[in-house]
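A.B. asks: The structure that follows is given in the form of structure tokens.
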Amino acid sequence: FSSEYIGTLTGVLWTSASIVSSIQYGLLPLVEAVDEGWRVSTSRSKVRLN
């Protein structure tokens, strides 16, 4: 592996990481709140136990 491509490789990796991060941040509002999801899963598990 030639050291002259380190800059290009670093740029490509950071660009792809920022694209993935932006997509995740954009999709974040579509996810329900963590505490509400936890309550739903807990109430469902209680129903199964009873």
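Residue numbers for the sequence shown follow the numbering used here, so the first one is 615 and each next one is one higher. We put the beta carbon where it would ideally sit given N, CA and C, even for glycine.
#1: Nearest-angstrom Cα distance between Val634 and Gly640?
#2: Just reading off the alpha helix (DSSP H) that Ser635 is part of, what are its end residues?
#3: What does the alpha-carbon distance come out to for the pair Ser630 and Ile637?
#4: With H, G and I counted as helix, E and B as strand and the rest as coil, what does DSSP make of Val617?
C.D. replies: In brief:
#1: 10 Å
#2: Ile620 to Leu641
#3: 11 Å
#4: According to the sequence as given, residue 617 is Ser; it is not Val. Ser617: helix per DSSP, three-state reduction.
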